[in-house]
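To get the working numbering, take the position in the sequence shown, counting from 1, and add 135. A short write-up of the structure that comes next.
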Amino acid sequence: MEAPSTPSAFRAVPRTGVIYVTTEAVKRGFDGNDPSWCNLGQGQPETGEIDGAPPRINTVEIAEFDRDYAPVAGLTELREAVAAMYNRLYRKGMPSQYTAENVAISSGGRAALTRAAASIGTVHLGHFLPDYTAYEELLEIFRAFTSIPILLEPERGYAFSPEDLRKEVQGRGLSALLMSNPCNPTGKLVGGEDLRGFVHVARELDCTLLLDEFYSHYIWAETPGELPVESAARYVEDVDRDPVVLFDGLTKNWRYPGWRVAWTVGPKSVIDVMGSAGSFLDGGGSRPLQRAALAALEPSVVDAETRAISTQFRRKRNRFIARLQDLGVEFDHMPEGTFYAWGNLSKLPEPLSDGMGLFRAALEEKVITVPGEFFDVNPGKRRQNASRFRSYSRFSFGPDWDTLSTACDRIEALIAKHR
136 MEAPSTPSAF
146 RAVPRTGVIY
156 VTTEAVKRGF
166 DGNDPSWCNL
176 GQGQPETGEI
186 DGAPPRINTV
196 EIAEFDRDYA
206 PVAGLTELRE
216 AVAAMYNRLY
226 RKGMPSQYTA
236 ENVAISSGGR
246 AALTRAAASI
256 GTVHLGHFLP
266 DYTAYEELLE
276 IFRAFTSIPI
286 LLEPERGYAF
296 SPEDLRKEVQ
306 GRGLSALLMS
316 NPCNPTGKLV
326 GGEDLRGFVH
336 VARELDCTLL
346 LDEFYSHYIW
356 AETPGELPVE
366 SAARYVEDVD
376 RDPVVLFDGL
386 TKNWRYPGWR
396 VAWTVGPKSV
406 IDVMGSAGSF
416 LDGGGSRPLQ
426 RAALAALEPS
436 VVDAETRAIS
446 TQFRRKRNRF
456 IARLQDLGVE
466 FDHMPEGTFY
476 AWGNLSKLPE
486 PLSDGMGLFR
496 AALEEKVITV
506 PGEFFDVNPG
516 KRRQNASRFR
526 SYSRFSFGPD
536 WDTLSTACDR
546 IEALIAKHR
């Protein structure tokens, strides 16, 4: 039977890296609830109970007024709670404080980023290579701005200094920069004085930083006695004047990806413009889930969850990376954040030395990985040359340790088979 044709009014819309690999796995029988599969491609952390974490929220009350739409910018009480959390974690004693008017709630991080992209004018917007796969289509679909790729070098451990940023802004005329921090997929963190420098350059040169901070509680630097978190909010001087816009939510840092509750934090004027974009793009998020999110933002819950994540995922990070290294996978840079390991496969036997080759071979063993070329963000496919990251793969240590260990056993057997 012939496949049904697509009406001519519609274009082909590519799948992002994780969606692509999951779709290919489903064709081979993958089911997220099937324990025989090892999903090292997943972009979510394990969502169950972990040692030291507050009990999981398993019930959500739906009140009579929850039948109504929520405001496009989100429930006022949740916006206030998000602002208060940022002030407590990052802005103690600072004269400029976030308020509810500096926060917008959306139904997931992609919705928040889409609102931002729809609100940006005819400017040059910089983005790094490699970075989050979903940025590619996001940077292509909105034609007002021109996306400018900025190459990060494996030889430098994907480092990018404030002075590098200054040169890019002045040399390429950037009015905005989109980046994940810590970076998905490399785990590179811009923090401390470097992040302060980024904010300073943005303020001085009027270049808006659009910072995807969804992994900001997965920080692997040792900070005895301190909560292991980082955000550019720490270095903003005036919350309504500094061109710094932050994106985060319950997805990773609270381990509730299915709730689709995210927020944007930034100057009031930006939040207002993005609210207008949200009114025609998505109409706002779920009212009952926004109310339920208030419990997750209680200070004691935030602190306990963050410390539990730090303990559990740091242990998995160290064991998982050591195991991959034993298998011959190399790392240009050890992840300082996120729950991803960005592995160089070039020392593995063919076809496993290529990210797509490893993906296809591992899929037959019920192991899912994400080829590195998907993170070579290329809006509109303007660059026709082969990806610099074909010999890379992103391995997620989001799943539980038993899954990670089983996956490594299967990859080890694959490598032995192709030696």
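Ideal Cβ placement from N, Cα and C applies to all residues, glycine included.
In the structure shown, Trp394 adopts helical secondary structure according to DSSP, grouped into three states. For Phe277, same chain residues with a beta-carbon under 8 Å away, outside a window of 5 residues either side, are Ala252, Ala253, Ile255 in chain order. Counted as a single uninterrupted DSSP element, the stretch harbouring Leu381 is not any alpha helix (DSSP H) but the beta strand (DSSP E) occupying residues 379-384. The C-beta distance from Ser242 to His262 rounds to 23 Å, too long to fall under 8 Å, and the pair is not in contact. For the region 455-479, the full-length beta strand (DSSP E) segments reaching 3 residues or more read 475-479 along the chain.
In its chain, beyond the 5 residues on either side, Thr158 have a beta carbon closer than 8 Å to the beta carbon of Arg150. A residue is called buried when at least 16 other Cβ atoms come within 10 angstroms of its Cβ; Thr504 meets this threshold and is buried. Taking one beta carbon from each stretch, the region 441-456 and the region 494-511 have fewer than 3 pairs nearer than 8 Å; the two do not touch.
If you check the CB distance, Gly326 and Glu365 come in under 8 Å.
Cβ-Cβ separation between Ala496 and Pro486: approximately 6 Å, consistent with a contact (criterion under 8 Å).
Within the region 387-439, the runs of beta strand (DSSP E) that reach at least 3 residues and sit entirely inside it are, in chain order, 397-400. By DSSP's assignment, Ile354 forms a beta bridge with Gly472. Judged by pairs of C-beta atoms under 8 Å, the region 199-219 does not touch the region 163-181, as fewer than three such pairs exist. Shown here, Leu287 sits in coil according to DSSP, grouped into three states, outside any helix or strand. Comparing alpha-carbon positions, the option among Lys323, Leu539, Ala368 lying closest to Leu345 turns out to be Ala368.
In this model, Leu287 and Ile197 are separated by some 47 Å (Cα to Cα). With a cutoff of 8 Å on beta-carbon distance, Gly244 and Phe382 are scored as near each other. Per DSSP, the continuous beta strand (DSSP E) segment holding Val238 begins and ends at 238-241.
The DSSP-derived three-state label of Phe448 is helix. For Gly261, the secondary structure class from DSSP, reduced to helix, strand or coil, is strand. Here the alpha carbons of Glu298 and Gln305 stand approximately 11 Å from one another. In the structure shown, Val502 adopts extended strand secondary structure according to DSSP, grouped into three states.
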